[in-house]
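Okay, so the sequence shown: first residue is 52 according to our numbering, each after it adds one. Take a look at the structure below.
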Amino acid sequence: MALETPKYEVVSEYDGFEIRRYSEMIIATTSVRSDYKGSTSSGFRRIANYIFGGNDKEMKIAMTAPVIADCPSDNRESYNISFVMPSEHSLKDLPRSNTENVSIQKESLGEVAVFPFGGWATESRSKSFQKKFATLLQQNNIKTSGGFMVAQFNAPYVISMFRKNELMVRINR
């Protein structure tokens, strides 16, 4: 069964990446003060608790893909982890989290450059692909805005060779 993913249109394609324009979406997000691995694990559990009924309506919310996290960085002390809410929901009908550390908000990614990669999105692999992606962006004179994000599309039990991930970064046009 395929999970719902955010709506976008491909604006342009390059060798190794593409530019997309995303529609506005609603996200459940949390910030975790830890290293990358600890933050993504703890952040995933916090938001999973929210969508599995840990909210003021005890409402179960369908899982979507991807889970989006800030890309690992040597000087980062905390990471934002986000789930995109199913498009059938609005800010008005989504429940409040039972904990203060999960917030529900609108997100406008706008135009982003997207670089796909497979396997596990570990800290070292994400950093390595981020360097490669940054070089491709620079070679194509594409200016970025803000930090890189890692989007992971698969459940934890999916084996490495079948995993889908993307690096994303907002761009200036």
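All C-beta atoms in this analysis are idealised placements derived from N, C-alpha and C, irrespective of residue type, glycine included.
query	result
Alpha helix (DSSP H) runs wholly inside the stretch 155–192, at least 4 long, in chain order	174–190
Where Asn205 falls, given that 16 or more other Cβ within 10 Å makes a residue buried	buried
Simplified DSSP state of Asn223, which is helix, strand or coil	strand
Helix, strand or coil at Ser211 [DSSP, three-state]	helix
Cβ shell of Phe184 (< 7 Å), same chain only, five flanking positions each side left out	Phe68, Phe166 and Leu218
C-beta contact flag for Tyr75 and Lys157 at 8 Å	Per the sequence shown, residue 75 should be read as Glu rather than Tyr. Their beta carbons are under 8 Å apart, which means Glu75 touches Lys157 by this criterion.
Presumed contact (8 Å Cβ cut-off) between Tyr73 and Leu142, rounded CB distance	At roughly 17 Å, the Cβ-Cβ gap does not stay under 8 Å, so Tyr73 and Leu142 are not in contact.
Alpha-carbon to alpha-carbon, Asp107 and Val153	12 Å
Ile112 beta carbon less than 8 Å from that of Ala120	no
Residue interval of the alpha helix (DSSP H) (run including Phe95)	Tyr87 to Ile102
Contact check, Gly169 vs Asn216, beta carbons under 8 Å	yes
Burial state of Asn71, where buried means 16 or more other Cβ atoms lie within 10 Å	Strictly speaking, residue 71 in this sequence is Arg, with Asn absent from that position. That one is buried.
CA-to-CA distance, Val62 to Phe95, given in whole angstroms	30 Å
Spatial distance of Phe77 from Lys58 (CA atoms)	Just to set this straight, residue 77 is Ile in the shown sequence, not Phe. Approximately 12 Å, taken between the alpha carbons.
From Phe213, Glu109 and Arg221, residue whose alpha carbon lies closest to that of Gln203	Phe213
Buried or exposed by the 16-neighbour rule on C-beta atoms within 10 Å, applied to Thr186	exposed
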